[in-house]
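Q: Got a structure here, written out as structure tokens. Questions coming.
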Amino acid sequence: MTSNAELDTAAAESDGGQARVLLVEDDDGDALLVEELLRDVDAPVVVRRARSLSQARTMVAEAACVLLDLGLPDSRGLQGLRQLLEVDPEAAIVVLTGEANEHLGEQAVRAGAQDYLVKGEVAGHMLHRVIRYAVERRRAEETQRELRVAQVQAQENARLERGLLPSPLLADPRLSVASRCLAGGQQHLLGGDFYDVVEAADGWVHALIGDVCGRGPAEAALGVCLRVAWRALVLAGRPADEILATLGQLLEHERQDDTMFATMCMLSVTPDRSTAWVRMAGHLPPLLVTQDGVRELDTPTCPPLGLGRVEHWAGAPVPLDGSWSVLLYTDGLIEGRIGQGSERLGSEGLMELIRAALRVTPGGNGSVSTAGTPVGGELLDRVISQVRELNGGDLDDDLAVLALGYSPDR
């Protein structure tokens, strides 16, 4: 959307860099005097004239500044000022008044005019300076308004991000969590990627990653809703089947239209940390990182939430041994291009990047292998950086990645 400040700039440049000034004056003599004063000082302006308020109403939007006589055939006093501000609330208006009505000029400024001038007491340089200052004040005010809007939007985005990206709830010191979430594209719009990690009172640890299809506030808000509901259900001790079924019902009630859906992957680790159960709702399979390497977990999947009711969320057990990390991620991490062609990174390419990163992690005496140790934020940063480098810059889609690690020696 074009801002008023941008419209001002366009108006100023449309006549060879000369600002358009709208003179609203019914008296030919007074109008001629204003034009001569500006001409005498070589003011870089183009003056257009309206003889009545009704005519001015059709011309005000194209003017960088308006010189408004307070005594017109179809308006008196502040009536004309108020009507022009109704047409263009951000108009830079300087009112012209006679000596007997100087107090009216002061009232006009309080009512929204940028300044006022008393007829017969104005020199050319003063008139030009008042016009220039009125335009600059209008631009400064518009900039401040845009800044305030941006600050409010940033605060709202921060609240949404806190809802999408919570702090893990873990009591077991042998567990670790590393996570990253990045907005894709040049616009950095809010997306619907979200994750969470919760250790329940019975010792089970549950991790979730999800992706609401689409980008924007509606998708982000739905993601927050699903994540908060998931955490509440986990803390309430509800079975995984019931949790995912409830989230599906919630999505159907909370989404803005029937086309919105979400993919999810839920990981549940037993209290002895020897087994994990993986449940999938149209999401990408997680990766298991151990001292034996990196592999994709082959688990059954159900349709995404919002694309059909599922009565039983089939889960698959995954045996765990020693130190391990499970990586859950959204598709933004693997959909980046490789070079200039159309080939995408894919899960196989991602696993190769992780294997390479595990082999070349800097150590005290050069490069050391960190395979078998929990994946941390440094490794995630390295992998994401390489994904972006292969893509040739920013990724088109949002990405989220969550690494839940376990080390029995902690």
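Counting along the sequence shown from 1, when you hit position 400 you're at 716 in the numbering used here, and nothing is skipped either side. Note that CB positions come from ideal geometry on N, CA and C, so glycine has one too.
1. Jot down the residue ranges of each uninterrupted beta strand (DSSP E) in the segment 642 to 724, minimum 3 residues, whole runs only, in chain order.
2. Determine contact between the segment 452 to 469 and the segment 420 to 429, defined as no fewer than three beta-carbon pairs at a distance below 8 Å.
3. What does the alpha-carbon distance come out to for the pair residue 515 and residue 459?
4. Decide if the segment 484 to 500 is in contact with the segment 561 to 577; the criterion is three or more beta carbon pairs, one per stretch, under 8 Å apart.
5. May I ask you to report which of helix, strand or coil DSSP gives residue 466?
6. By Cβ distance below 7 Å, which residues in the same chain neighbour residue 685 in space, the five residues on each side in sequence not counted?
7. So what does DSSP say about residue 565, is it helix, strand or coil?
8. In terms of residues, what are the limits of the alpha helix (DSSP H) holding residue 546?
9. Starting from residue 398, follow the alpha helix (DSSP H) in both directions and report where the run begins and ends.
10. Rounded to whole angstroms, what is the Cα-Cα separation between residue 341 and residue 391?
11. Label residue 582 either buried or exposed according to how many other C-beta atoms from any shown protein chain fall within 10 Å of its C-beta, with 16 as the threshold for buried.
12. With residue 347 as the anchor, note down where its alpha helix (DSSP H) starts and where it stops.
13. When you compare each of 439, 697, 519 and 661 to residue 589 by their alpha carbons, which one comes out closest?
14. Residue 369 lies in the alpha helix (DSSP H); which residues open and close that run?
15. Measuring only the C-alpha atoms, how far is residue 567 from residue 645?
16. Just to confirm before moving on: does the CB-CB distance between residue 616 and residue 632 stay below 8 Å?
17. Residue 595 to residue 403, Cα distance in whole Å?
18. What residues match up with residue 364 in a beta bridge as DSSP calls it?
19. In whole angstroms, what is the alpha-carbon distance linking residue 643 and residue 603?
20. Report yes if the C-beta distance between residue 648 and residue 714 is below 8 Å; otherwise report no.
21. How big is the Cα-Cα spacing for residue 413 and residue 439?
22. Does any CB atom of chain D fall closer than 8 Å to the CB of residue 531?
23. Nearest to residue 338 by CA position, among 381, 367 and 357, is which residue?
24. Kindly indicate which residue of 510, 465 and 467 has the alpha-carbon position closest to the one of residue 484.
25. Quick test of your reading: residue 732 and residue 570, contact by CB under 8 Å. State the CB separation rounded to the nearest angstrom.
A: Walking through what the data contain:
1. 677 to 679, 682 to 684 and 715 to 722
2. no
3. Answer to the nearest angstrom: the Cα atoms are 47 Å apart.
4. Using a C-beta cut-off of 8 Å, the segment 484 to 500 makes no contact with the segment 561 to 577, since fewer than three inter-stretch Cβ pairs fall below that distance.
5. helix
6. Unreliable positioning characterises residue 685 in this predicted model, as indicated by a pLDDT of 43, which lies under 50. A coordinate reading is not provided.
7. Helix, per DSSP.
8. Residues 533 to 551.
9. Unbroken alpha helix (DSSP H) run through residue 398: 395 to 403.
10. 11 Å
11. buried
12. Residue 347 -> alpha helix (DSSP H) spans 344 to 356.
13. Checking every option, the nearest Cα to that of residue 589 belongs to 519.
14. 369 to 373
15. 21 Å
16. yes
17. 58 Å
18. 338
19. 5 Å
20. yes
21. 15 Å
22. Note that chain D does not occur in the displayed structure, where there is just one protein chain.
23. Comparing C-alpha distances from residue 338 to each of 381, 367 and 357 shows the shortest one belongs to 381.
24. Among 510, 465 and 467, the Cα nearest to that of residue 484 belongs to 510.
25. Because the chain spans 317 through 726 in this model, residue 732 falls outside it and cannot be assessed.
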